[in-house]
Every structure is written in C-alpha cells, then in structure tokens.
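Enquirer:
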Amino acid sequence: MGVDIYIGISNFDRSAWSSFLPAITTVAFNDFVRLCTSSPKFSRLMPRGERSISSLWPPRHLAQWSVKSHSFQGREHQGQLSIHIFMTWQHSGDQLHHHGPRNSEDDISPSESVPAEGWEWMKVANNVDAVFIPTDQKDIYGLYVKESPNHSPAVFNTEIDGVKALDTKDLVQLHPLNRKLFKVYGRADDQIMHSTGEKTNPGPIEAGLTTDKRVAAALMFGRSKFQPGVLILPTPEEAFEPNDTTRLAEYRASIWDTIMKVNEQAPQHSRIYKEMIIVAKPSKPFEFTAKGTLRRNAILKAYEQEIEDLYKAIDGVSQTDVVIPQLWTLKNVMAMIREIVTAIFEKKVDDTDDIFIAGGDSLTAMSIRNSVLRALRKSKVVPVAVIRTLPPNFVFDLPSISAMSAFIHGIVLGAQASPATELSTRSEEADEAPHREVDPSPDRSQNIVKLRDGAGEPPLIVIHGAGGVYFEYASYADKFRTAVWTLTITPETPLNSLPELASFYFAKIKAERPHGPYRFASYSSSSLLLVVLLKLFEDNGDEIAQAVMLDHFPAMFVYSANKSGNPDPRVPENIRHMLDVGMSAIEGLMDRDSNRDTLQRAKNLLLDGWKGVYASDAFRNAIRNIKGFLTANTEFVYNLTTDETGVASIELMAQWMRTVKVPITVVVAPEGALGGVSEEDRTTWADLGTKRCLPDARVVFVKGGHYEFLTDEVVLQLLQDGY
C-alpha cells in the first residue's frame, strides 16, 4: 500500500488496517506488520488489545458508502475494504491513507510517505522472509512466509527448501518495474477455474459491481464452465421477482453502465454478459457471515438449479439458418464456418484472421461453437455421442475460420471411419437417418492443414498414413498446446513414386514455411517417406529440430517383403499380392486396437470397397490413396534394398538411413505394427528393427494399439518436448 509499518498493532487496530489490505488474511497481515503472538519480542507492543475483537462495519455497507461522499463524515475508516471501493473514494478526493486507524489503543499511524507507484503497492518488512511463488497466471504469485530468526508466523502449513513456512493463500501481483513492491490480486481459494483452463479472479469484479447503488451484493460463478456468470442481489428498494422478464430487462439495463466499466478492467475470459446475469429472488436472500462477507458455498448451493438452467439455455443459442453441406469436403466445411462467423459478427472476417483480434469475445465463441454443433446435429453426419465429446474450447484453441474448418472436417472424417470414435454409443437420434456423404479429400489448396497455429514455435508437421487423411489424429487440434500441421493427399498429389511425392511435399512446406527449423512426425507407413523428406531438407541446408516415427519403422518394409519372398513389384500380380498383404495388415491393426468393436463398420466398408463391392466416395478415395501410396513405398524399398541374392537387405536399408543427420525417435505400440510380426520373430523385431538400422535411435514403448496410442499422454508430451 506504499506505507511502512514499523511497530506492532493490536488485533483491535488491525481491524482498521485491514481496510488497506482487503485480501490479506489475518495471519498474513500479522506478518507484514511484524506481529506474531508467539514472539515475546513484540508482546510489549500489545498491552491490552491483543485479544480483543473489533466491532466492524460490514464490507457491504462500505460498498454502499463508497458512492456517497457524505457517508464518511464523522465515521472511522475500518473494516474490510476492497481496492475498487478505495479507488472510488480516492477518485472523490478522499485520502484514506492520511486517516490511519483512529481507534487504536496505541494510536499508531502509518508513514505519511506514499511511493510514486501508488498507494496500493506494498512492500515486505525487512525482518520477514517472504517468498513469492509463481502461479500459472502471468505475473501473479502466491505469497508464502518462511520461518526466520527474526520472525515466525503463528502457524505453518508447508515447507520451502526444508524450512517451515506459511502458505497465506493470498495472490499478489509484483510491480513490473519495482519488484520489491506488490499489490493484492485475490485469494487462491476464490479463483474460478473454467473448462477452458482459464481462471477468473472474482474479487475485483464483484467489488466493482457493488459500487452500483442498485446492487447490494454480487457473486460470480462458472467453475468448470465455459464462461462465468454473476448472481446479483438488488438493494431492498430495487428487489423484484426475476421471473418478471420486463422488470429483469429493465434492471439489467439500469446496471449495464457499471458492468461495462468493470468489464473494461477484467480479462476477456472473465467479462460479464447480460445473458449471464442471474438476479436473486426475494425468497432466496443471500447469506452473510458475521463479518458481513458472502457465504459463497451456501449461496451457490441455493442457486444451483438456476445456474444450471442458465447454462442449458445458453447452450441452445445458435444460428439456425446455416446452409448445411451436402458433401462434407474441407472446402464446404470452411464455407459453412465462414457463414456462421459472418452471421455472428455481422461483417466479413478473413479466413486466417484471429476472431478475437477481430473483436470477438467469449460470448461470440460460445455462439460459434453452438452454431457448429447445431449444424452437425441437423446433418446427422456425426453421431450425437461424438458431438457431445467435442471439446468446449475448440473455438478458443482454433480462433480462425481456416483452423476451425480443418478441425471440424477432421471430426467428420473421424466419425465416419476413425478408430478413436465411439460409434457404439450413438444415440437413437443419430441412427434415425443414414449419415451423409463425406469426402476425405480436401480441396486442391489443402495439402497442408494447420490443425493448430500455436504461439510462433515451429509447427510439428505430421505425415499422414496410407489413407492420406488425418482423422486418426484430428484431436491434436485440441490436445496439443503447440503448433501442429498435417500433410494430406489431395487429387493433385503425385503418387507415382516416393521421391516425386517427397519433392511435392517439400515444395508445399517451403511455400508455407520458407525457413526452419522444421519438426516432423510420420504416422504408420509414412516412416519411409519421412526419411526421404528429411534427406531433402538436410541436403538443402535446412535445420531439422525433431523427427519422430509413430508406430512404424522403414525396416518393417524389409521384413514384410522377405516374408513374401521379396517379389518384384513391377510384375502386376506381385504388386497386387503385396497390396493385399498391406490391406490385411490394416485389418489386423483395427482388430487389435482396444476400440475394435467401434471399428467394425469402418473396417467392413473399407474391405468391401477393396474387394470391388460398392463403396462411398469417401472409401473409394481412401482405397485409391492406399493403393498408390503402398505401391510407391514397395517399389522404393525393392529398388533400395534388394541385394545380389534377390533378398531385401536390412543392411542396405541401414546404410541409407544412417545418412540422415537428425536423431530419430521411434514410438512403438505393442498391439500396433508389432502385433503384425509373427510370434517367432517378435523378440528380434520388438523395436520394429530400429536398433539394427540406427543403434543410437531412441525407442519409446507405449500402451495400446495403432490408433488409441496416438492420444496417450506420453506420446502427446514426447511430440511437444521442448516447445
């Protein structure tokens, strides 16, 4: 608060001083004014009042007085006082710091000096060993006090570096320039954690709302919800039944200026909207403690149903006139998302613009999300059970039309064929009509889909499997905290040979990101393509920061070729046989995954199309991609590894792979690719042949099958290590 306190003050006096430190607990305040009931050194400074209890003016009265200057005439300034209220007084010309505690038995006054930084900034007394522990909120610290020779808190509840300490549960903000000063931010146990992971500090917002003469008290809610709301108790003269919609609208309008002022100071995710205001019922008055503070838990419990009803009603908000695609290509999905965003913003927003920079807020995000979900429900292209599991914060994580479109397109594809989709839990509503056609081939401009843009770090570029789509890891758009892109096969993608395909992707990546460093991860049978790409980038002088192979390694192509006698793929019947072996391997991957029951539909449709039975465009495209991609791989391996005896040589594969400079990490799922290895070879090939080719490579084993392992926390962390 900008004043130095050099001697002790009794509990009676501290009731007045608490006006200057509203959120500091009694024990924590003791620390700052050098009081400790267990320390004889200071007992002489508290001759009579050390055990007394002050008669306090309740904070809600101070809140009301703060807007009435005449209320302070003849009054002593004591009780719990919020910073917002103090600023109101200060704005009116009152200088409370000059008054000090008038009813002190020792008549102790603070220093008259106030630092240039402002009255609200405080500093720790020299004899107190205070520690500021960073929180997950920028510039916000938890306040801890350690035991020291010159000072000891009355109680301890933790240790720091082996020394007993007190966690005050107070949150403070250090001054950006003078790090010796801090100001009160709030209480750790009052913070509201939303489903987005962001936190709302209710204290300043509630205090700001109570400066309105029509508001007796305010209490924020929204724990584990997408956005916060507020319960408002009108003053007695303003009380009314909130089911009177006309009166409710009038009351919200009457306090809106105050809410706007509070919102100006609040973080974007903590702002209050008219739709998120619940007015207290006269029959359900707020409960207060003896000190006049809100009994939060009791009030929230009393209004639990009203709060839940509000969130259910908000969930129903959506744009109903959106044109739902008949064919769910990425281009059509983007057109739908663009229409939704345009309707909500009432203006055009560019596809790559951040909607929040363009003026969006949490209510905008909520409306966009609900509109998208409503469109998915009406289309019946995605089962209701899948829609219910979509992350509530995908608009925040993917705040552009293009990013959201890629994510939703991946979800649609996943609902049709993804092993990770729980199709078996579909509701009757989703089964009433057949799913509409889905085209997994993005339009010609989308060989690179940016699932998540990140914060400027080099993106992890994930290379698709044989099917050429990315639905297996579409959830990375939500699960990643860093940038992630994916390559996809489009109609223009050349599948004639692996070098041609690698050169094509090299050019596409360079067009999007001309300079490194680059990060890559291959999934399934694209491990061979990854090596070709790595060599292209390294030969070009580019830096490769990361290379990961997910549940495959190029040596597996050698193993498979030799199991079939290493036939020449230039012979049509040989390549047909090798392709059938490849499809059989895909079938096995689906059967071994723990989601096998949910994969039956996708597997059966894929196999029917492979055998020439009718298949939708989606599966015809997938089959075309599989045939072209596996053929390119097979021919490349045959030309690279066939030795003079006609056998596929793993030594030749190893020599070629060792020309790659970047260290390679291989992730192995026991029920994935390894499950396709015969029992007699399982021990030798436990690492998929990695160490035989690259002795220094890192091999990581994770639980699960070829699809489920992708979202394993170990894998998610490994792919983002260092970023």
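For the sequence shown, the working numbering begins at 8 and goes up steadily by one.
Ideal Cβ positions, reconstructed from N, Cα and C, are used throughout, including at glycine.
Taking only three categories from DSSP, how would you classify R194?
Expert: DSSP places R194 in strand when its eight states are reduced to three.
Enquirer: If I measure Cβ to Cβ from Y730 and keep anything under 6 Å in the same chain, skipping five residues before and after, which residues do I get?
Expert: So the list reads E464 and T489, once near-sequence residues are dropped.
Enquirer: Rounding to the nearest angstrom, what Cα-Cα distance links Q333 and S386 in this structure?
Expert: Straight-line Cα distance between these residues: approximately 8 Å.
Enquirer: According to the neighbour-count rule (16 or more other Cβ atoms, all chains shown, within 10 Å of its Cβ), is S409 buried or exposed?
Expert: So S409 counts as buried.
Enquirer: Check whether the Cβ atoms of V674 and A568 lie closer than 9 Å to each other.
Expert: No, the Cβ-Cβ distance between V674 and A568 is not below 9 Å.
Enquirer: Span of the alpha helix (DSSP H) holding D598?
Expert: Its alpha helix (DSSP H) spans residues P579 to R599.
Enquirer: Between E315 and I306, which are expected to be in contact by the criterion C-beta below 8 Å, what is the C-beta distance as a whole number of angstroms?
Expert: E315 to I306, Cβ: 15 Å. No contact.
Enquirer: What does the Cβ neighbour count give for D546, buried or exposed, with the cut at 16 atoms within 10 Å?
Expert: So D546 counts as exposed.
Enquirer: Quick check on the DSSP output: the beta strand (DSSP E) that includes T265 runs from which residue to which?
Expert: T265 -> not in any beta strand (DSSP E); alpha helix (DSSP H) instead, spanning W263 to Q272.
Enquirer: Any idea which residues DSSP pairs G149 with across the strands?
Expert: Bridge partners of G149: I140 and L178.
Enquirer: Under 9 Å between the Cβ atoms of N454 and E507?
Expert: Result no, Cβ atoms of N454 and E507 do not sit closer than 9 Å.
Enquirer: Around the Cβ of S591, are there at least 16 other Cβ atoms within 10 angstroms (buried) or fewer (exposed)?
Expert: By the neighbour-count rule (16 or more Cβ atoms within 10 Å), S591 is not buried but exposed.
Enquirer: Between the Cα of A554 and the Cα atoms of M664, F564 and E642, which residue gives the shortest distance?
Expert: For A554, the nearest C-alpha among the options comes from M664.
Enquirer: Please give me, in chain order, every unbroken run of the alpha helix (DSSP H) with length at least 4 that falls completely inside the region 635 to 672.
Expert: Those alpha helix (DSSP H) runs which fall completely within the region 635 to 672 and span 4+ residues are 657 to 664.
Enquirer: Using 9 Å as the threshold, is the C-beta distance between K634 and L586 below it?
Expert: Yes, the pair counts as a contact, with Cβ atoms nearer than the cut-off.
Enquirer: Entirely within the region 276 to 343 and at least 4 residues each: give me those alpha helix (DSSP H) ranges in chain order.
Expert: Correct list: 303 to 309 and 311 to 322.
Enquirer: Please report the Cβ distance between K486 and T718, rounded to the nearest whole angstrom; I am assuming they are in contact, meaning their Cβ atoms lie under 8 Å.
Expert: About 6 Å; that satisfies the 8 Å criterion.
Enquirer: Do G711 and L596 come within 9 Å of each other at the CB atom, strictly closer than that value?
Expert: No, they are not a contact pair.
Enquirer: Would you mind sorting T690 into buried or exposed? The rule is 16 or more other CB atoms within 10 Å of its CB.
Expert: So T690 ends up on the exposed side.
Enquirer: Per the contact definition of three or more C-beta pairs closer than 8 Å, is the region 157 to 168 in contact with the region 178 to 188?
Expert: Output reads no: the region 157 to 168 does not touch the region 178 to 188.
Enquirer: Locate the beta strand (DSSP E) running through T165, then write down its first and last residues.
Expert: Per DSSP, T165 belongs to the beta strand (DSSP E) from T165 to I167.
Enquirer: Kindly identify the DSSP beta-bridge partner or partners of H3.
Expert: What is shown of the chain runs 8 to 730, which leaves residue 3 out entirely.
Enquirer: Expressed to the nearest angstrom, what Euclidean distance is found between the alpha-carbon atoms of V348 and L540?
Expert: Those two C-alpha atoms are separated by around 37 Å.
Enquirer: In terms of alpha-carbon separation, which member of K268, L226, I331 and G210 lies closest to I284?
Expert: The shortest C-alpha separation from I284 is found at L226.
Enquirer: When we look at the beta-carbon of E687 and count the other beta-carbons within 10 Å, is it buried (16 or more) or exposed?
Expert: That one is exposed.
Enquirer: Since L380 and I394 should fall inside the 8 Å C-beta cutoff, what is the C-beta to C-beta distance between them, to a whole number of angstroms?
Expert: Going by Cβ atoms, the distance from L380 to I394 rounds to 6 Å, so yes, they are a contact pair.
Enquirer: Closer than 8 Å by C-beta to L725: which residues in its own chain qualify, once you throw out the five before and the five after it? Chain order, please.
Expert: Only V555, T672, V674 and V707 meet the Cβ criterion.
Enquirer: Assuming L255 contacts P249 under a Cβ cut-off of 8 Å, what Cβ separation, rounded to an integer in Å, is found between them?
Expert: That belief holds up - the Cβ atoms of L255 and P249 are roughly 5 Å apart, short of 8 Å.
Enquirer: If you check the beta carbons only, do I468 and Y530 fall under 9 Å apart?
Expert: Not closer than 9 Å, so no.
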